[in-house]
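Mind the numbering: the sequence shown is residues 1 to 469 in full-length UniProt numbering, read in order. Glycine residues also receive a C-beta, built at the ideal position from the N, C-alpha and C atoms. This structure is a prediction, so every number in the text was calculated from the model and none was measured.
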Amino acid sequence: MTAEMFPKEKTIDLRKKHIGPSCKVFFSHDPIKIVRAKGQYMYDENGVRYLDCINNVAHVGHSHPMVVKAGAEQMELLNTNSRFLHDNLVQYAQRLQATLPEKLSVCYFVNSGAYHGHVSSLINISPYKFHQLANAEQSKSVHVALSPDLYRGNYRQDHPDPATAYADDVNNLIQKAHEKGHKVAAFIAESLQSCGGQVIPPAGYFQKVAQHVHRAGGLFIADEVQVGFGRVGTHFWAFQLQGEDFVPDIVTMGKPIGNGHPMSCVVTTREVAEAFKNSGMEYFNTFGGNPVSCAIGLAVLDVIEKEDLQGNALRVGGYLTRLLEQQKEKHPLVGDVRGRGLFVGAELVRDRVKLTPATAEAQDIIYKLKEQHILLSADGPHRNVLKFKPPMCFSEEDADMVVEKIDQILTDIEKALGLQMPSTVHTENGSRKRNVQPEENGCHHSNGISHSHDTSQQHASQQNKRLRS
1 MTAEMFPKEK
11 TIDLRKKHIG
21 PSCKVFFSHD
31 PIKIVRAKGQ
41 YMYDENGVRY
51 LDCINNVAHV
61 GHSHPMVVKA
71 GAEQMELLNT
81 NSRFLHDNLV
91 QYAQRLQATL
101 PEKLSVCYFV
111 NSGAYHGHVS
121 SLINISPYKF
131 HQLANAEQSK
141 SVHVALSPDL
151 YRGNYRQDHP
161 DPATAYADDV
171 NNLIQKAHEK
181 GHKVAAFIAE
191 SLQSCGGQVI
201 PPAGYFQKVA
211 QHVHRAGGLF
221 IADEVQVGFG
231 RVGTHFWAFQ
241 LQGEDFVPDI
251 VTMGKPIGNG
261 HPMSCVVTTR
271 EVAEAFKNSG
281 MEYFNTFGGN
291 PVSCAIGLAV
301 LDVIEKEDLQ
311 GNALRVGGYL
321 TRLLEQQKEK
331 HPLVGDVRGR
341 GLFVGAELVR
351 DRVKLTPATA
361 EAQDIIYKLK
371 EQHILLSADG
381 PHRNVLKFKP
391 PMCFSEEDAD
401 MVVEKIDQIL
411 TDIEKALGLQ
421 MPSTVHTENG
431 SRKRNVQPEE
441 NGCHHSNGIS
451 HSHDTSQQHA
461 SQQNKRLRS
C-alpha cells in the first residue's frame, strides 16, 4: 500500500509550479519519490526499498510505533501552547536535563530551527551558508576560526598539541576583535562538524577555547543538532567527548529530538537564563513545548533507552568504521576515515600527498549507490566526504551491504583512473609505513567567534565554529 496521489511526473511538475525554486531535492536529475518508511528503510511509489544512511532526523527509526502512538494519543486529548500549565512540558524538561551536566538546567523549547541559517543574523555566523552567496560579505561582527581538522587543517595528526594550536587561533581572533574596540559575545561550534566534513576536534580543544572565550566575557555555545541524543555511542551528547571538565554555557538541539516531528530546544544555565530575563525581553513560541511535541520527545527518550540505541550506535558505528578502514587500506581514493558512533565520514582524495579532493568521484559514488537503492550523501568544504549518519537502528548487516557496494564502485572508478595504492617504506624499527607526507596547505572549514559593540547576544550555529564579537 502506498500514499501516492499523483504519478511521479505530475508531482515533479506541481512542485516546480508551487514550491519555491530555492527548495532543492536530492538527486535533482531523477529525484526519488518516497511514500513510506520504516526503521532504516524508505520506500518509493513502486515499493522499491532504499537503505537510509543519511537520515539522522528519524533518529530511532522511521515511523517508530511508540513515537507515533505517543503523538497520536496526546493529539486526541489536547494540544495548546505553553502559557497553560501542562505536565508534559515540565516532565520532558526534567528528563532532558537528566541527560546533561547539572549546570545546564533551563530549557527554551522551539518548534524546530535551533540550528542557524534561516534568518540573516544566523546566516552571518554560518560560513556553510554565506560562502554560497557570490556577492555576500562576511559580517564584521563575525570571525571565522580554523576548523580543528587533523587531516586537512593547519595542524594535523603529527602536531604535538593540535588542541592548543587551534585554540590559540581562536584567542588570536579575540585579541584582534579587542584591538578594534569590540567585545566578544559568544563562540559557537558543532560538537562534531557535520557539513564541515565530519570533523572530530582534538581532545581538550573545547576546554581551551572556553577558557579564552570566558576570559573575554563571552559564552560557549555547543550545537548538538546533528550529533546529539546518543549518536556518538560513548556519550549521550557529543560535547561530552571532550571530557567531564567541559560544560558549554548553551546547548542547541533539534532534528533527532522529535524523530521527524518539528521540535527543538535551547538549554542553558540558570545564570544565562536570568540575564536573558533581566533584559526585559519575554520569550514566547506558539508551538514550542506544546503537549504533543513533549509527548513525542518523551517517547524518543524512552525508545533510545528501551532499545539501547546508544549502545547500538557504539557497536555498529565501530563495526562500520572498521569496514571503512579496511577500504582505506585497499583503495587509494580513501584518504581518511573518521567518526564516533554512527557519525562517520570517509574523505576521498585523488592524491594522498597533496590531499586533492576527489569531489567528482564522491558524487559518482553517491549516484551509483542510489541506483543500487542505498541513500548516502557527500559533504565537507569540497563535498568529498562520504557522510554516514543513519537512523540509530542501523545494523551490522546494513553496514556490510553499503560498504560492499562502495568497495565495488571504488574498484571500478580506480581502474578507470589508473589509480593504485601508494608504495610502502620501512621505518627504522622495521614497521611498514605509507610513503605519504601531508601537504602543509589545506582548505579549511571554519569555526568562529562573534562580537557585539554593547550587547552580548548569542546566536546559534549549524556546522562551523564561529566567534561573534
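Burial is judged here by how many other beta carbons sit within 10 angstroms of a residue's own beta carbon; residue 421 has fewer than 16 and is exposed. A direct Cα-Cα distance of roughly 18 Å separates residue 412 from residue 374.
DSSP, reduced to helix, strand and coil, places residue 310 within a helical segment of the structure shown. Across the set 98, 256 and 240, the C-alpha of 256 shows the shortest separation from the C-alpha of residue 62.
Across the structure, residue 339 and residue 57 are spaced so that their CA atoms are roughly 18 Å apart.
Sequence-distant Cβ neighbours of residue 301 in its own chain, meaning closer than 7 Å and more than five residues away, are 95. In the DSSP annotation of this structure, residue 86 is not part of any beta strand (DSSP E), being labelled neither H nor E. In this structure, DSSP gives residue 283 a state outside helix and strand, which the three-state scheme calls coil. When the Cα atoms are used, residue 233 and residue 13 turn out to be separated by approximately 42 Å.
DSSP places residue 11 within a helical segment (H, G or I) once states are collapsed to three. A buried status is given to residue 110, since no fewer than 16 other beta-carbon atoms sit within 10 Å of its beta-carbon.
The alpha-carbon of residue 305 is positioned some 42 Å away from that of residue 356. Approximately 16 Å separates the beta-carbon atoms of residue 323 and residue 389; this is outside 8 Å, ruling out the contact.
Apart from the 5 residues on each side of it in sequence, residue 53 sits with its Cβ closer than 7 Å to the Cβ of 374, 375, 376, 388, 390 and 402 in its chain, given in chain order.
With contacts defined by Cβ atoms closer than 7 Å, residue 99 and residue 206 do not form a contacting pair. Under the three-pair Cβ rule at 8 Å, the segment 132–143 does not count as touching the segment 307–320.
Excluding sequence positions up to five before and after residue 393, its CB lies within less than 8 Å of the CB of 39, 40, 60, 61, 307, 309 and 312, all in the same chain and listed in chain order.
Look at residue 289 here: in three-state DSSP terms it is coil, with no helix or strand label. Note on residue 332: 16 or more other CB atoms within 10 angstroms of its CB, so buried under the neighbour-count rule. Taken through DSSP and simplified to helix, strand or coil, residue 270 comes out as helix. Contact between residue 35 and residue 3 is confirmed by a C-beta separation of about 5 Å, below the 8 Å threshold.
Between residue 296 and residue 254, the C-beta gap is not smaller than 7 Å, which leaves the two residues out of contact.
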